[in-house]
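Terminal number for the sequence shown in my numbering: 834, no gaps in between. We treat Cβ as the ideally placed atom computed from N, Cα and C, and that holds for glycine. Since the structure comes first, as structure tokens, the remarks are kept for the end.
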Amino acid sequence: MMVERFRRGRSGDQSPDQPPRIPGALPVLPLRDMVLFPHTGLPLLVTQPEAIAVLDEVMRGERMLALVTSRDPQVERPGASDLYGVGSVGRIQQFLRRPDGAIMVAIQGLSRIKVWSFLRTEPYLVAEIGVDEVPADSSDDAEALKRGILDQFAQFAKLTPYIPEDALTIVLNVDNPLVVAYLIASILRIDTQRKQRVLEASTVRQALEELQRVLTREIEVSELGQRLQTQAQEQMTKAQREYLLHEQLRAIQKELGEESEGAAAINQLREQIEEAKLPDEARSEAFHELGRLERLSPASPEYSLIRTYLDLMVSLPWSVETGHDVDLEEARRVLDDDHYDLEKIKERIIEYLAVRKLRGERGSSGSAMERHDPILCFVGPPGVGKTSLGQSIARALGRRFLRISLGGIRDEAEIRGHRRTYIGALPGRIIQGLRRIGARDPVFMLDEVDKVQVGWQGDPAAALLEVLDPEQNRDFRDNYLEVPFDLSHVLFIATANTLDTIPAPLLDRMEIVPLSGYTVEEKLHIAEQYLVPKELDNAGLLADEMLFTRDGLMCIIESYTREAGVRSLQRQIGAICRKAAVQIGRGDFRKRQVDADAVSELLGQPVYQPEVNERNRRPGVATGLVYTPAGGDIIFIEVASMPGTEGRLILTGQLGDVMKESAQTALSYVRSEAEELGIAPEHLGGREFHIHVPAGAVPKDGPSAGITMVAALVSLLTDRPFRSDVAMTGEITLRGRVLPIGGVREKVLAARRAGITTVVLPKGNERDVAELTEEVRTSLRFVYVELAPEALAVALASGVGEEQSRMPKDAASSNDSHVLVEGKEQPRDSSSLH
């Protein structure tokens, strides 16, 4: 129907000015990287057999054919699916066959067409087409656009040498705006897609606007190219002029007996070396290099290397210190202002400052080598304030603060620097940092020291041994500097998430200061005192424009974050503040109160939901406690039993060797003590067991899940579900003894976050609980066990669907067996031992 409509539109008598009649079907000649516009000419050199066949066929008739551009110019033989849907009808004006078989033709564009379908693809394409003329536009807008484009084209022709003057003359004498657009688009050397967009424009205005954008960009690019060329010429001319002037000046100074430019630079360096107060060895090396520099020509490549080295020597802070007298009260105030709680850490820092203060006031009878500062290493999960503690120490000491990140460093030269014999050699990060900070006594933080890696370029951790050893770092030698630099005045502070990956020699040189995760109450105080004011200020809000209630903050802490630190908590508070800033920016100036309901509305559905009850609903699932570099967490251990090879054990969940051995030990203990544990023989004979620890993509290792695996096995074999309010941790032995483990604080905090009310711990970890805060000790029930049956009596319900909520009462008590219930020590009923 559409084809017939186009045909009827062109039927009837035609005036001599009208284009010739266009057939409804024409052979198609695909074009690569070019576009034929109506009212323009296009020369072509045709070499492909299919295209030659098309031209031979067309020359036998009206010499008309459809020319359609290929979408991808890299396709050598475009098919029907490779062509655009809009092209032009052209008539062959000239036809010339060359001796090599190729054909040269000149084609005149007649009308724009649309390709409806392809009637034939072999031996060449034949398409059903319809003439799609763009409606004429004689409006003032079209005329204004045409005149603007003609001015732009004239400007572009002056900037571009490839546009001939006669082309500009022809375009300026055309009245039809659409023809002007087609002529200019055919002349410009632009990409095919832009030309096709001009051809496909449905109105004259669209075609002119598209061409206007193209011309604007081309003019900007051409003007930029001319500016760059002009600048290059000017710089070359300036350099030549300066060279001639310098040569003349050198000749004049030689005649007058005055010093040359090189001599002036040498004298300036000599003065800077004298003023820098270098140590004897460094001073001797500096003057030695200065003497070499005097004998070299400024044009020598080595001249710039020596000059750079001497510039580094004189710019290092060999004797510059910024620290002031220590005020212990002021230091304590600074630490309290910047950090909540962390009392032990603050006390250790105050002790260090007090020793430094007394040593400075009274003097020290020891040698300089004995008066070194300790190397502190803050170890803890992310977001607990390790880096900010270093900044607070620097502020309390009045020193400058410098931080470098060691995460992922593989090259030893990052620490020690490169030899000067290499091109592009640089000093190490330690020397670079001291030069940048401009003092020899800064607080220097080595962040993420546990993530240093060994590469083929060397071991950066080994290079840190000299830096962090107080007995050696007073004579630290950088490979680039090649003279000792005293680092004993620097207060080095390292941070790490875990100690496992730090080499033992490096660990021995540092004083470990552990930073544990925060309790919920501590996070609440931190949010109220530090995070909320900071995020309100970051969002540009005033304190009276938004009020975070305690229940709102508790909702964020418990339902939207699960971390040892407060970094994610700060992000969630910042997200709420930004949403309020958007509303205020729209004119809503009412005061906002962020309670629990508002948090759910602003942050969406809670991210974390309690899952302990769901996991422990059926026997064979036990809740354990684990320690990770990001803090403590709860873990679920699932056990399944099935007929098979007797005693076979399947382990999944990406477990490490130690954890696999714990599982083997747990199963062996359960099998050997089956009668005492109340397990029927038929539940063990001819059965194989599968122990799985969910989150299978996360590697897990360590012995502390041993007692939890025993509880999961006994729960399955006795059909007694694990209590949903209990979690446990401890290493198990073949005799059923529960041995102490590490990371108690982090594990206990994780249990509290997960809604656990009773924590089963080894007897040997009782002293670790005593170090917890009073609020944590009173909010949880701690049960200390020495043998596995004691833990099972607490953790396993007496039957399916019924949980045991108290200890057995009918057994004789032991003199040295106790439990801690709600923070108070009570005698433990010894019936749990059997």
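When P38, D725, L734, H690 are compared, the shortest CA-CA separation from L713 is found for H690.
Out of K700, A394, Y352, the CA that lies nearest to the CA of V658 is found in K700. Taking a C-beta distance under 7 Å as the contact criterion, G517 and E746 qualify as a contact pair. Taking a contact to require three or more Cβ pairs closer than 8 Å, the region 55-70 and the region 22-40 qualify as touching. Leaving aside the five residues that flank V54 on each side, the residues in its chain whose CB is nearer than 7 Å to its CB run, in chain order, P27, L29, L65, Y124.
In the three-state DSSP reduction, Q268 falls in the helix class (H, G or I). Counted as a single uninterrupted DSSP element, the stretch harbouring P762 is not any alpha helix (DSSP H) but the beta strand (DSSP E) occupying residues 758-762.
Among the bridge pairs identified by DSSP, R477 is matched with P484. In the DSSP assignment, P164 falls outside any alpha helix (DSSP H), carrying neither H nor E. Going by DSSP, S186 is part of the alpha helix (DSSP H) stretching over 177-187. Assignment of K747 by DSSP, reduced to helix, strand and coil, places it in the helix class.
Taking 8 Å as the upper bound for CB-CB distance, Y669 and L625 are not in contact here, some 20 Å apart.
A distance below 7 Å between beta-carbons, with the five flanking residues on each side excluded, links V179 to the following residues of its chain, in chain order: H39. Secondary structure at V204: helix, using DSSP grouped into helix, strand and coil. For T561, the secondary structure class from DSSP, reduced to helix, strand or coil, is coil. Separation of I113 and L199 (C-alpha to C-alpha, rounded to the nearest whole angstrom) is 10 Å. If one requires a minimum length of 4 residues, the alpha helix (DSSP H) runs lying completely within the region 21-84 are 49-59, in chain order. When secondary structure is reduced to three states using DSSP, M659 falls in the helix class.
No Cβ-Cβ contact shorter than 7 Å links I573 with E545.
With respect to R91, R120 sits apart: the two C-beta atoms are not nearer than 7 Å. In the DSSP assignment, the residues bridged to P643 are R687. The closest CA to that of K158, considering only Q664, L515, L215, is found on L215. Annotation: the continuous beta strand (DSSP E) that includes L96 extends over 86-97. Following the DSSP letters along the chain, one finds Q583 inside the alpha helix (DSSP H) bounded by residues 567-585. Within its own chain, the residues whose Cβ lies closer than 6 Å to the Cβ of L524, once the five positions on either side in sequence are excluded, are L553, listed in chain order. 7 Å or more divides the Cβ of L542 from the Cβ of K579. Taken through DSSP and simplified to helix, strand or coil, E321 comes out as coil.
Separation of the CB atoms of V759 and F782 is rounded to 5 Å, and the pair is thereby assigned contact status at 8 Å. Of the residues assessed, I170 falls on the exposed side of the cut-off, its CB having fewer than 16 other CB atoms within 10 angstroms. Inter-segment contact for the region 450-466 and the region 498-515 is present: three or more beta-carbon pairs are separated by less than 8 Å. DSSP links I635 through a beta bridge to G624. When rounded, the separation of the alpha-carbon atoms in V452 and R410 is 7 Å. R21 has its alpha-carbon roughly 17 Å from the corresponding atom of R60. Burial check for L481: the Cβ neighbour count within 10 Å reaches 16 or more, so the residue is buried.
Per DSSP, the unbroken beta strand (DSSP E) holding P514 starts and ends at 511-514. Per the DSSP secondary-structure output, R403 pairs in a beta bridge with M445.
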